[in-house]
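K.L.:
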Amino acid sequence: MKIIGLLGRSLAIATGFSLALSVVVTQTAIATTLGFQKMFVFGDSLSDTGNFLNLTGGALPNQPFYSPGRFSNGDVWVDYLADKLKLSDTNVTNFALGGATTGSNNVGLPGTPAGLEQQIDTFTGALGGQSADPNALYIVWAGSNDYLGRFTTNPAEPVGNLSDAINTLVASGARNILVPNLPDLGKTPLGRSLDPNTTFALNSLTTQHNKNLNSLLSRLSRTYPKRKFYFF
2 MKIIGLLGRS
12 LAIATGFSLA
22 LSVVVTQTAI
32 ATTLGFQKMF
42 VFGDSLSDTG
52 NFLNLTGGAL
62 PNQPFYSPGR
72 FSNGDVWVDY
82 LADKLKLSDT
92 NVTNFALGGA
102 TTGSNNVGLP
112 GTPAGLEQQI
122 DTFTGALGGQ
132 SADPNALYIV
142 WAGSNDYLGR
152 FTTNPAEPVG
162 NLSDAINTLV
172 ASGARNILVP
182 NLPDLGKTPL
192 GRSLDPNTTF
202 ALNSLTTQHN
212 KNLNSLLSRL
222 SRTYPKRKFY
232 FF
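Quick note: the working numbering has the sequence shown finishing at residue 233, numbered continuously throughout.
1) Would a C-beta distance cut-off of 8 Å place L203 and Y148 closer than the cut-off?
2) Per the contact definition of three or more C-beta pairs closer than 8 Å, is the segment 57-76 in contact with the segment 152-166?
3) Can you tell me where the beta strand (DSSP E) holding T102 begins and where it ends?
4) Where in the segment 47-133 do unbroken runs of the beta strand (DSSP E), each at least 3 residues long, occur, reported from the N-terminal end onward?
5) Could you tell me the boundaries of the alpha helix (DSSP H) in which Y315 lies?
6) The beta strand (DSSP E) spanning L179 covers which residue range?
7) Short check: CB of N177 to CB of Y139, under 8 Å?
8) L221: buried (16+ other C-beta within 10 angstroms of its C-beta) or exposed?
9) Following the continuous beta strand (DSSP E) through K188, name the residue where it begins and the one where it ends.
10) Skipping 5 residues on each side, what residues in its chain have a beta carbon closer than 8 Å to that of L206?
11) Given that a residue counts as buried once 16 or more other Cβ atoms are within 10 Å of its Cβ, and exposed if not, what is R71?
12) Would you say D45 and L98 are within 8 Å of each other, going by their C-beta atoms?
13) Would you mind giving the Cβ-Cβ distance between I121 and T169, rounded to the nearest angstrom? I have them listed as a contact below 8 Å.
14) Who are the Cβ neighbours of T103 in its own chain at under 6 Å, not counting the five residues just before and after it?
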(Lines of atoms letter the chains of each structure in order from A and count residues from 1; the text may use other names and numbers.)
(Lines give C-alpha, C1' and ligand atoms only; values in the text may rest on other atoms or scores of the structure.)
Protein backbone atom coordinates (compact mmCIF):
# COMPACT_ATOMS: atom_id res chain seq x y z
CA MET A 1 0.00 0.00 0.00
CA LYS A 2 1.50 3.31 -1.07
CA ILE A 3 1.32 5.94 1.64
CA ILE A 4 1.70 9.64 1.05
CA GLY A 5 3.19 11.99 3.64
CA LEU A 6 2.48 15.71 3.98
CA LEU A 7 4.42 17.05 6.98
CA GLY A 8 7.15 16.08 9.42
CA ARG A 9 5.17 15.93 12.67
CA SER A 10 1.62 15.23 13.70
CA LEU A 11 -0.63 13.92 16.42
CA ALA A 12 -3.62 11.70 15.84
CA ILE A 13 -6.77 11.00 17.79
CA ALA A 14 -7.79 7.40 17.28
CA THR A 15 -11.56 7.02 17.48
CA GLY A 16 -14.15 4.35 16.93
CA PHE A 17 -12.03 1.61 15.42
CA SER A 18 -14.51 -1.18 16.05
CA LEU A 19 -17.20 0.98 14.48
CA ALA A 20 -14.92 1.76 11.55
CA LEU A 21 -14.58 -1.90 10.68
CA SER A 22 -18.34 -2.17 10.22
CA VAL A 23 -18.05 -0.03 7.11
CA VAL A 24 -16.49 -2.98 5.32
CA VAL A 25 -19.54 -5.20 5.76
CA THR A 26 -21.73 -3.16 3.43
CA GLN A 27 -19.18 -1.50 1.20
CA THR A 28 -17.21 -4.63 0.35
CA ALA A 29 -20.25 -6.15 -1.35
CA ILE A 30 -20.78 -3.00 -3.41
CA ALA A 31 -17.13 -2.55 -4.35
CA THR A 32 -16.56 -6.21 -5.18
CA THR A 33 -19.53 -6.19 -7.53
CA LEU A 34 -18.22 -3.12 -9.34
CA GLY A 35 -14.71 -4.54 -9.63
CA PHE A 36 -12.52 -1.56 -8.75
CA GLN A 37 -8.88 -2.04 -9.74
CA LYS A 38 -7.44 0.85 -7.71
CA MET A 39 -8.26 2.65 -4.49
CA PHE A 40 -7.32 6.11 -3.23
CA VAL A 41 -7.82 6.95 0.46
CA PHE A 42 -8.15 10.36 2.13
CA GLY A 43 -8.83 10.94 5.81
CA ASP A 44 -7.50 10.75 9.36
CA SER A 45 -6.23 8.15 11.82
CA LEU A 46 -9.17 5.84 11.13
CA SER A 47 -7.72 5.24 7.66
CA ASP A 48 -4.01 6.04 8.11
CA THR A 49 -1.84 3.02 7.28
CA GLY A 50 1.59 4.53 7.82
CA ASN A 51 1.81 8.20 6.89
CA PHE A 52 1.95 9.38 10.49
CA LEU A 53 4.50 6.72 11.35
CA ASN A 54 6.75 7.80 8.48
CA LEU A 55 6.40 11.48 9.30
CA THR A 56 7.46 10.94 12.90
CA GLY A 57 10.42 8.77 11.98
CA GLY A 58 8.73 5.71 13.42
CA ALA A 59 7.96 7.34 16.78
CA LEU A 60 4.17 7.13 16.58
CA PRO A 61 2.02 5.08 16.53
CA ASN A 62 4.47 2.96 18.47
CA GLN A 63 4.39 -0.68 19.40
CA PRO A 64 3.43 -2.75 21.36
CA PHE A 65 0.09 -0.99 21.62
CA TYR A 66 -0.37 -0.32 17.91
CA SER A 67 -0.04 -2.40 14.80
CA PRO A 68 2.77 -1.00 12.60
CA GLY A 69 1.64 2.28 11.06
CA ARG A 70 -1.93 1.97 12.32
CA PHE A 71 -3.76 3.66 15.17
CA SER A 72 -5.23 0.28 16.03
CA ASN A 73 -4.07 -2.99 17.56
CA GLY A 74 -4.49 -4.58 14.13
CA ASP A 75 -5.41 -3.68 10.59
CA VAL A 76 -7.70 -0.71 9.95
CA TRP A 77 -10.77 -0.91 7.78
CA VAL A 78 -9.10 0.10 4.51
CA ASP A 79 -6.74 -2.85 4.92
CA TYR A 80 -9.71 -5.20 5.08
CA LEU A 81 -11.45 -3.52 2.17
CA ALA A 82 -8.35 -3.70 -0.03
CA ASP A 83 -8.01 -7.37 0.85
CA LYS A 84 -11.63 -8.11 -0.04
CA LEU A 85 -11.17 -6.28 -3.34
CA LYS A 86 -8.01 -8.31 -3.96
CA LEU A 87 -6.03 -5.11 -4.49
CA SER A 88 -2.27 -5.31 -4.21
CA ASP A 89 -0.34 -2.67 -2.29
CA THR A 90 0.69 -1.01 -5.54
CA ASN A 91 -2.97 -0.43 -6.42
CA VAL A 92 -3.85 1.34 -3.16
CA THR A 93 -2.63 4.88 -2.55
CA ASN A 94 -3.27 6.23 0.93
CA PHE A 95 -3.09 9.95 1.70
CA ALA A 96 -4.84 9.67 5.10
CA LEU A 97 -2.96 11.33 7.95
CA GLY A 98 -3.61 10.88 11.64
CA GLY A 99 -4.94 14.03 13.28
CA ALA A 100 -6.29 15.54 10.07
CA THR A 101 -9.46 17.60 10.09
CA THR A 102 -11.69 18.18 7.07
CA GLY A 103 -9.94 21.49 6.45
CA SER A 104 -6.31 22.49 6.92
CA ASN A 105 -6.03 21.95 10.67
CA ASN A 106 -4.40 19.00 12.40
CA VAL A 107 -4.97 18.28 16.09
CA GLY A 108 -1.23 18.08 16.79
CA LEU A 109 -0.06 20.95 14.60
CA PRO A 110 -1.83 24.19 15.60
CA GLY A 111 -1.53 26.74 12.84
CA THR A 112 0.13 24.31 10.44
CA PRO A 113 -1.79 23.09 7.37
CA ALA A 114 -1.99 19.29 7.56
CA GLY A 115 -5.61 18.35 6.93
CA LEU A 116 -7.83 16.79 4.31
CA GLU A 117 -7.49 19.89 2.16
CA GLN A 118 -3.75 19.30 1.80
CA GLN A 119 -4.30 15.63 1.00
CA ILE A 120 -6.62 16.52 -1.85
CA ASP A 121 -4.20 19.18 -3.08
CA THR A 122 -1.34 16.67 -3.04
CA PHE A 123 -3.40 14.21 -5.05
CA THR A 124 -4.55 16.69 -7.68
CA GLY A 125 -1.06 18.16 -7.94
CA ALA A 126 0.38 14.73 -8.64
CA LEU A 127 -2.02 14.33 -11.56
CA GLY A 128 -0.06 16.95 -13.45
CA GLY A 129 -3.09 18.08 -15.38
CA GLN A 130 -4.18 14.55 -16.24
CA SER A 131 -7.58 13.14 -15.31
CA ALA A 132 -8.02 10.93 -12.27
CA ASP A 133 -8.66 7.24 -12.92
CA PRO A 134 -12.42 7.03 -13.57
CA ASN A 135 -12.50 3.34 -12.66
CA ALA A 136 -10.90 3.66 -9.22
CA LEU A 137 -12.63 3.88 -5.84
CA TYR A 138 -12.01 7.13 -3.95
CA ILE A 139 -12.59 7.16 -0.19
CA VAL A 140 -13.10 10.36 1.81
CA TRP A 141 -13.57 9.91 5.55
CA ALA A 142 -12.86 12.76 7.94
CA GLY A 143 -14.59 14.94 10.50
CA SER A 144 -13.91 13.35 13.89
CA ASN A 145 -10.98 15.63 14.67
CA ASP A 146 -12.93 18.76 13.77
CA TYR A 147 -15.12 18.09 16.81
CA LEU A 148 -12.76 16.21 19.13
CA GLY A 149 -10.10 18.85 18.54
CA ARG A 150 -12.70 21.53 19.27
CA PHE A 151 -12.09 23.38 16.03
CA THR A 152 -15.83 23.78 15.51
CA THR A 153 -19.24 23.03 17.00
CA ASN A 154 -21.03 23.74 13.74
CA PRO A 155 -21.43 20.64 11.52
CA ALA A 156 -22.00 22.87 8.50
CA GLU A 157 -18.28 23.70 8.47
CA PRO A 158 -16.83 20.16 8.27
CA VAL A 159 -19.54 19.04 5.85
CA GLY A 160 -18.80 22.10 3.74
CA ASN A 161 -15.13 21.12 3.68
CA LEU A 162 -16.08 17.58 2.67
CA SER A 163 -18.19 19.05 -0.11
CA ASP A 164 -15.18 20.99 -1.38
CA ALA A 165 -13.01 17.87 -1.29
CA ILE A 166 -15.55 15.73 -3.11
CA ASN A 167 -16.24 18.36 -5.75
CA THR A 168 -12.50 18.68 -6.37
CA LEU A 169 -12.22 14.92 -6.87
CA VAL A 170 -15.18 14.93 -9.24
CA ALA A 171 -13.69 17.82 -11.21
CA SER A 172 -10.45 15.82 -11.46
CA GLY A 173 -12.27 12.89 -13.03
CA ALA A 174 -13.23 10.66 -10.08
CA ARG A 175 -16.46 8.76 -10.69
CA ASN A 176 -16.82 6.45 -7.68
CA ILE A 177 -16.61 8.06 -4.24
CA LEU A 178 -17.23 6.40 -0.89
CA VAL A 179 -17.99 8.76 2.00
CA PRO A 180 -18.59 7.01 5.34
CA ASN A 181 -20.44 8.86 8.07
CA LEU A 182 -18.99 9.45 11.52
CA PRO A 183 -19.14 6.95 14.37
CA ASP A 184 -20.90 8.30 17.46
CA LEU A 185 -18.11 10.41 18.92
CA GLY A 186 -19.78 10.46 22.33
CA LYS A 187 -19.33 6.70 22.53
CA THR A 188 -15.64 6.63 21.64
CA PRO A 189 -13.13 6.11 24.46
CA LEU A 190 -12.25 9.81 24.41
CA GLY A 191 -15.88 10.89 24.26
CA ARG A 192 -16.85 8.70 27.18
CA SER A 193 -13.97 10.02 29.29
CA LEU A 194 -15.30 13.58 29.16
CA ASP A 195 -17.92 15.23 31.33
CA PRO A 196 -21.55 14.23 30.61
CA ASN A 197 -22.45 17.53 28.95
CA THR A 198 -19.55 17.28 26.50
CA THR A 199 -20.36 13.65 25.77
CA PHE A 200 -23.97 14.58 25.03
CA ALA A 201 -22.79 17.44 22.81
CA LEU A 202 -20.61 15.03 20.83
CA ASN A 203 -23.58 12.70 20.39
CA SER A 204 -25.64 15.57 19.01
CA LEU A 205 -22.87 16.84 16.75
CA THR A 206 -22.41 13.37 15.28
CA THR A 207 -26.12 13.05 14.54
CA GLN A 208 -26.33 16.45 12.86
CA HIS A 209 -23.09 15.92 10.94
CA ASN A 210 -24.36 12.67 9.48
CA LYS A 211 -27.70 14.20 8.55
CA ASN A 212 -25.94 17.06 6.78
CA LEU A 213 -23.58 14.65 5.06
CA ASN A 214 -26.45 12.51 3.84
CA SER A 215 -28.16 15.59 2.42
CA LEU A 216 -24.92 16.66 0.74
CA LEU A 217 -24.46 13.33 -1.00
CA SER A 218 -28.07 13.34 -2.14
CA ARG A 219 -27.51 16.76 -3.72
CA LEU A 220 -24.27 15.65 -5.32
CA SER A 221 -25.97 12.58 -6.77
CA ARG A 222 -28.49 14.85 -8.47
CA THR A 223 -25.82 17.31 -9.62
CA TYR A 224 -23.54 14.58 -10.98
CA PRO A 225 -25.84 11.80 -12.21
CA LYS A 226 -22.97 10.01 -13.95
CA ARG A 227 -21.00 9.73 -10.71
CA LYS A 228 -21.56 7.17 -7.98
CA PHE A 229 -21.60 8.26 -4.35
CA TYR A 230 -21.61 5.59 -1.66
CA PHE A 231 -22.73 6.61 1.83
CA PHE A 232 -22.61 4.39 4.89
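Every residue gets a Cβ at the ideal spot worked out from N, C-alpha and C, and that includes glycine.
P.N.:
With the structure as the only source:
1) Within the sequence shown, numbered from 1, the residue matching residue 203 stands at position 202. Within the sequence shown, numbered from 1, the residue matching residue 148 stands at position 147. Closer than 8 Å, so yes.
2) no
3) Position 101 of the sequence shown holds residue 102. Element bounds for T102: n/a, residue is neither H nor E.
4) 93-95
5) Here the chain comprises residues numbered 2 to 233, so residue 315 is not present and cannot be evaluated.
6) By one-based count along the sequence shown, residue 179 stands at place 178. Here the beta strand (DSSP E) through L179 covers N177 to V180.
7) Within the sequence shown, numbered from 1, the residue matching residue 177 stands at position 176. Within the sequence shown, numbered from 1, the residue matching residue 139 stands at position 138. Taking 8 Å as the Cβ cut-off, N177 and Y139 qualify as a contacting pair.
8) Working through the sequence shown from its first residue, we reach residue 221 at position 220. So L221 counts as buried.
9) Position 187 of the sequence shown, counted from the first residue, corresponds to residue 188. Note, K188: premise wrong, no beta strand (DSSP E); not H, not E.
10) As a position in the sequence shown, residue 206 is number 205, starting the count at 1. Y148, T154, P156 and L186.
11) By 1-based counting over the sequence shown, the position of residue 71 is 70. Result: buried.
12) As a working note, residue 45 is residue 44 in the sequence shown. As a working note, residue 98 is residue 97 in the sequence shown. Yes, these two residues count as a Cβ contact at 8 Å.
13) As a working mapping, residue 121 is identified with position 120 in the sequence shown. As a working mapping, residue 169 is identified with position 168 in the sequence shown. Between T169 and I121 the Cβ distance is about 5 Å, and since that is below 8 Å, they are a contact.
14) In the sequence shown, the residue the question calls residue 103 occupies position 102. Within the same chain, T103 has close Cβ partners L117, A143, G144, D147, P159, N162 and L163.
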